[in-house]
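There are 4 protein chains.
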Amino acid sequence: MIRVGIVGASGYTGAELARLLCNHPQAQLTVATSRQYAGKPLSQAFPSLRGRADIVCEDLPVADLAGRADFFFTAVPHQTAMDIVPPLLDAGKKVVDLSADFRLHDPAVYEAWYQPHSARELLPKAVYGLPELHRGMIGNASLVANPGCYPTGIILGLAPLLKAGLIDPDSIIADSKSGVSGAGRAAQTGTLYCEVADGFKAYKVGEHRHTPEIEQELGKLCGRSLTVSFTPHLVPMSRGILSTIYARAIGAMPDLAGLYQDFYRGEEFVRLCTAGEFPATQYVRGSNYCDIGLKFDPRTGRVIVVSAIDNVVKGAAGQAVQNFNLMCGLPEGAGLGIVPFFP
Amino acid sequence: MIRVGIVGASGYTGAELARLLCNHPQAQLTVATSRQYAGKPLSQAFPSLRGRADIVCEDLPVADLAGRADFFFTAVPHQTAMDIVPPLLDAGKKVVDLSADFRLHDPAVYEAWYQPHSARELLPKAVYGLPELHRGMIGNASLVANPGCYPTGIILGLAPLLKAGLIDPDSIIADSKSGVSGAGRAAQTGTLYCEVADGFKAYKVGEHRHTPEIEQELGKLCGRSLTVSFTPHLVPMSRGILSTIYARAIGAMPDLAGLYQDFYRGEEFVRLCTAGEFPATQYVRGSNYCDIGLKFDPRTGRVIVVSAIDNVVKGAAGQAVQNFNLMCGLPEGAGLGIVPFFP
Amino acid sequence: MIRVGIVGASGYTGAELARLLCNHPQAQLTVATSRQYAGKPLSQAFPSLRGRADIVCEDLPVADLAGRADFFFTAVPHQTAMDIVPPLLDAGKKVVDLSADFRLHDPAVYEAWYQPHSARELLPKAVYGLPELHRGMIGNASLVANPGCYPTGIILGLAPLLKAGLIDPDSIIADSKSGVSGAGRAAQTGTLYCEVADGFKAYKVGEHRHTPEIEQELGKLCGRSLTVSFTPHLVPMSRGILSTIYARAIGAMPDLAGLYQDFYRGEEFVRLCTAGEFPATQYVRGSNYCDIGLKFDPRTGRVIVVSAIDNVVKGAAGQAVQNFNLMCGLPEGAGLGIVPFFP
Amino acid sequence: MIRVGIVGASGYTGAELARLLCNHPQAQLTVATSRQYAGKPLSQAFPSLRGRADIVCEDLPVADLAGRADFFFTAVPHQTAMDIVPPLLDAGKKVVDLSADFRLHDPAVYEAWYQPHSARELLPKAVYGLPELHRGMIGNASLVANPGCYPTGIILGLAPLLKAGLIDPDSIIADSKSGVSGAGRAAQTGTLYCEVADGFKAYKVGEHRHTPEIEQELGKLCGRSLTVSFTPHLVPMSRGILSTIYARAIGAMPDLAGLYQDFYRGEEFVRLCTAGEFPATQYVRGSNYCDIGLKFDPRTGRVIVVSAIDNVVKGAAGQAVQNFNLMCGLPEGAGLGIVPFFP
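Chains as they are written, first to last, in this note's numbering: chain A, 3 to 345; chain B, 3 to 345; chain C, 3 to 345; chain D, 3 to 345.
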């Protein structure tokens, strides 16, 4: 059994990591940190975990943390992560960081969208943890930057097209819709039930911090830099992200279904819809799947890709466990066999 | 008092018309038809109307209908409307038709997207009932084709930009999200609570029948034909449509806020968000407002417009009453003073 | 026009008062206080009110408040209200207080369930503002204590039975279910969307502070003191309270429908369901109605009453306006003609 | 591996059985019947199961069914089950029937609440499948009648109290609240999203068919017949049942927590809340748990028990698998290790 720690266990992502680890055959949760719930069982913060993850939360200094586990998931806000990750790596631990701090390779880009970076020297070592694209590098990494929830679905949705050079990289528009859990468990008026229910809105139009991450990874796929229009929206649902992605086709469009089947052949967590069908977030709920549907519209000359993930699983904790498995030489899907939960 | 009839009163649109007419100072509901609820009070179909709209539904032949009111709202499916509207007009009645049957000026376009049209001769007389754009013609019309719910928000969102020639007409992408009431009250698996709740999906990608209607009206605004990418989505909420609309800017972009303020000055039912703010469907719920927010993104050179309406009010029954008011020489906002209902 | 002030305008109840006053023919909102939104238009706190209630919020000392209006709605938390109401009364103003501070006649009971009372001398003057039971006294009052949301539906549901002596007062169990708006707009984890959605729970079992208020008013109806079992629950919906009330029948049960029709004859805001039908909160949404359904179950000898209200309207702001109308000699339903909003 | 068949696979219960069997270590789904989806993969009916349960549905005569599996779950409506179960038993198969047809021991009671029974001779053989109460008999049974969703939570909630003789059996009131999945996947207006969302209602007040089943099992526990008041309600959520149960205490009340801990010691699927805490359906979602909270209210002399289950799991498919495990000599929790899914 690999001893595993969760730093920041009392947020939604931390709790989801705990849920997944309950059923992981080779991981044992040995330490969970939380300032707010220090001294209390994690199952008090999340009664859903009663009897399953009753581990007592601790508020530990980083120095005391490293000895408590072999592997760490850091599920803390950006800017906090860059202080916690380096000492864990120094102590010889492997880390999957779920914040944004190690996702962007270029520190200047990071600092333009976030704030100054205090661990720039780690950026070249950090691997962007999207297994379907970077599996080999992840297997050899000590530090994996777990992708953002929005980028995960958008990058997986576009990868085959961009790689094949079938769309104009400057024409990409990603219109994404997320459940409310993406906003976290902090008390704030904007995510109260009454503010969100029976409503729908856009937010951070043209300004969301996942934009440079999307552009970085799409740029790798097409071999040059690009800009995308990315608009996130808030859906009155707890979980799920659906992205509707538009791009202008270049030249004649081949069989899209075949292209995607080839690209994702053997992938355990990518499911392709049959022709004419499109994914829905309710069909991936609770699971690590990314479902993808495709359409070429000859009227407008645009390709439309729709991808759906559970933002808390494939968009966060599940992908983190997938990376953990790769980094530890375990079967990639260990602990991730959850069948989507519907209705 | 003007005697008013609703043909097809037991759907969501019919019931909403009844709700609005309850508080209309110069309209009296004198006949309501429904096959399913014939012989029963409308308030049995919709207990919300108990004590307010207890009129008994009837299943009347068209021949007997005309004498029962001076003005008719036809809230029946397309293809049915084209049989009912002509005899009402022949009897000298005025009609607002809420189906798609009289919205498209070109019968060939209608027949390409729907089915054969049996009342082509009426198409030249029918006025597209978007008051903010066609107020004068509506005032003189006997037959007004009430716009579709999606087109209403999209056309109002783009009109100032297209009219001013500031965007490339061929670059328009409208990504729209609708509440479930748009699917009507017919029993079907796809709109059951458990199928829709806590989920989000796209549907009829690149194939929705509101597309030609959007293209027709946007084409009038820019003076030439165009195609748009239009993708509707289903949101787990009862009411509301939010459209996120993308277009490529042409040349230098002037002050967008000023442009829209000028264009919509004096409009009772268009509200512009302040700079940096965007609309949300929960802020127009139950009302006849269309709220609009704007952004020019210099990184991508695109303009992003977000519009929000209540699909059952401004997208259907409310706009129909607005047209009724104009056709009858009443104040345009009569009966439509409902303040949005939040939370 | 009567000049009206709202003290505490930026909560859900304050905003709902503003919404209702927009359409009130004889009231004009002249002052709205809010610490959080001082200096900003109320429509910034609630964009739904844009263009309808753009009054700028102020953070005013009580001394400066009285001169700004003739009538006040105090929509502040209990314990705060007892400081604000006395000076307003001293200045000759009439007040509807929406807190719990003046609902209980016996200060000892108040202090047992809340905290010490600093304005005990006002308790004998305060009238419990349930118009259907205390209309005459309300008309003559300067201070009306607006009933709690739960008590409103429970008391109206039981009044005819208790008054007629048909049920055992010691057998009453009220199982109530409320929408989330009852918890207010303050940021707290427990009412975040993700905590509430797709879930259901009981809270404050046997301990909710509305209990003594229910017992006081039911006691008046049957002429003796009693205790009730009252359990509130949280429903994943924004608005509405449905109470399912059980009581043991005494002797032979007469025609319940007739009893209730007689009791509530002429009441504008009580609607009785037809036999075999029961109310639903979605049929009173946004309106001032209390809908009531009835059943005598001979198998168990119990009567079951189900009542439904919109907690923000009949359970708070709407009933407050109803009281305002009575206190000012206006038609009781002025400004309250809203038809319930469905779906 | 045990070959397992699901008769009626395209309803919510059938799909949930398929979901659970995907992760069952010793069961293999070898046949799934559905009239509506005959010839199509089950994952077309439920895209959530894509890649996991792609078994093709068949519309098979009962005669051809028996040879296809060793064990059957019959998830068909009552009255249909009584035709299908006997031939399966005659063929030597074991069956868990999820309908109501074999739950009531007394055919007269069954026929009073349902319709005539055509397989009365099987009633003495059928075991009521609540493992926590009837484990031994279930292990020896060929036919287990899987309990109704409402009875499961109510019986488990009251069992320790009734067994200990601490409450008056004639005073029991069970006020239950269910998610919408309990109504099934058939298209009907009453369970459309727009009819249910943002609303709450009671239904079948005093008339629900689960009443006699509750009375039968509670009667066994206290050793005499009784009647209960049972009121079901519809909550705008997909899954979950919470029951709030009231009963009059007899004599001095001992330590309730201790009583329940003793009664349910070693039970894998019953979780007791700590004192002062109460369950919520969102904390058992997707799992086979029944969570229970307790309160004795000295003011009223009543005990209040609150129980929560996922109606599709512990209230149907999960309990069925639990029974299957017992009937086949497998570990009781095999395939049921799902951690509740929150948020």
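Yeah, the Cβ is synthetic: ideal placement off N, Cα and C, and Gly gets one too.
Asked                                                                                                                                                                            : Found
Alpha helix (DSSP H) containing His136/A: first to last residue?                                                                                                                 : Pro133 to Gly141
Just list the beta strand (DSSP E) runs in the stretch 19 to 104 of chain A, keeping only unbroken ones of 3 residues or longer that don't cross its boundaries, in chain order. : 29 to 35, 73 to 76 and 96 to 99
Based on the DSSP output, what are the partners of Val286/D in its beta bridges?                                                                                                 : In DSSP, Val286/D forms no bridge with anything.
Could you check the C-alpha separation between Gly141/A and Ile156/A for me, to the nearest Å?                                                                                   : 23 Å
Are the C-beta of Gln190/D and some C-beta of chain B separated by less than 8 Å?                                                                                                : yes
Look up Phe265/D in the DSSP assignment and say whether it is helix, strand or coil.                                                                                             : helix
Which term fits Ala128/C, buried or exposed, when burial requires 16 or more other beta carbons within 10 angstroms of its beta carbon?                                          : buried
Taking DSSP as the reference, what is the three-state secondary structure of Ser240/A?                                                                                           : coil
For the candidate residues Phe271/D, Glu279/D and Cys330/D, whose alpha-carbon lies nearest to that of Ile340/D?                                                                 : Phe271/D
Along chain C, which residues have their Cβ under 7 Å away from the Cβ of Gln284/D?                                                                                              : Asp200 and Gly201
Gly295/C by DSSP, collapsed to three states: which one?                                                                                                                          : strand
Closer than 8 Å between beta carbons: that is the criterion. Which residues of the stretch 223 to 243 of chain D meet it against chain C?                                        : Thr229, Val230, Ser231, Thr233, His235, Val237, Pro238, Met239, Ser240, Arg241 and Gly242
In or out: Lys42/A buried (at least 16 other Cβ within 10 Å) or exposed?                                                                                                         : exposed
Let me know the secondary structure DSSP gives Ser173/B once reduced to three states.                                                                                            : helix
Drop a sphere of 10 angstroms on the beta-carbon of Glu197/B, count the other beta-carbons inside from all chains shown, and report buried for 16 or more, exposed for fewer.    : buried
Tell me whether Asp99/B is buried or exposed, calling it buried when 16 or more other Cβ atoms sit within 10 Å of its Cβ.                                                        : buried
Just reading off the beta strand (DSSP E) that Val6/D is part of, what are its end residues?                                                                                     : Ile4 to Val9
Could you give the DSSP three-state label for Lys203/C: helix, strand or coil?                                                                                                   : strand
Using 8 Å as the limit for Cβ to Cβ distance, is Val308/B near chain A?                                                                                                          : yes
Taking the straight line between their C-alpha atoms, what separation do you get for Gly278/C and Lys297/C?                                                                      : 8 Å
Could you tell me which chain B residues have their CB closer than 7 Å to the CB of Arg273/C, listed as they occur along the chain?                                              : Arg52 and Gly53
Taking the C-alpha atoms as reference points, what is the distance between Leu158/D and Ser309/D?                                                                                : 8 Å
Please state whether the Cβ-Cβ distance between Val6/C and Ala71/C is less than 8 Å.                                                                                             : yes
Check this for me: beta carbons of Glu18/B and Ala336/B, under 8 Å apart or not?                                                                                                 : no
Could you please give me the residues that DSSP links to Leu274/A through a beta bridge?                                                                                         : Ile294/A
Under a three-way DSSP split, which group does Thr213/D fall into?                                                                                                               : helix
Compare the Cα-Cα distances from Leu64/D to each of Leu228/D, Ile57/D, Asp56/D and Ala83/D and report the closest residue.                                                       : One point to set straight first is that residue 64/D is Val, not Leu, in the sequence displayed. The residue with the shortest Cα to Cα distance from Val64/D is Ala83/D.
Would you identify the three-state DSSP class for Ile340/B, choosing helix, strand or coil?                                                                                      : coil
If you draw a straight line from the C-alpha of Gln324/C to the C-alpha of Leu44/C, how long is it?                                                                              : 23 Å
Classify Met3/A as buried or exposed, calling it buried when 16 or more other Cβ atoms lie within 10 Å of its own Cβ.                                                            : exposed
Out of curiosity, what's the CA-to-CA distance linking Ala40/A and Leu62/A?                                                                                                      : 9 Å
For Gly131/B, collect the residues of the same chain with a Cβ closer than 7 Å to its Cβ; drop the 5 residues on either side in sequence, then sort them by chain order.         : Val98, Ile140, Val146, Ala147, Asn148, Pro149, Gln321 and Asn325
Candidates Ala68/D, Pro49/D, Val78/D and Phe73/D: which alpha carbon is nearest Gln30/D's?                                                                                       : Phe73/D
Closer than 7 Å, Cβ to any Cβ of chain A: which residues of the stretch 288 to 308 of chain B, in chain order?                                                                   : Lys297, Asp299, Arg301, Thr302, Arg304, Ile306 and Val308
Please name the residue in Arg122/B, Ile175/B, Phe48/B and Ala249/B whose C-alpha comes closest to that of Arg21/B.                                                              : Phe48/B
Contact defined as beta carbons within less than 8 Å: I believe Ala199/D pairs with Tyr285/B. What is the distance between those atoms, to the nearest angstrom?                 : 18 Å between Cβ atoms; not a contact.
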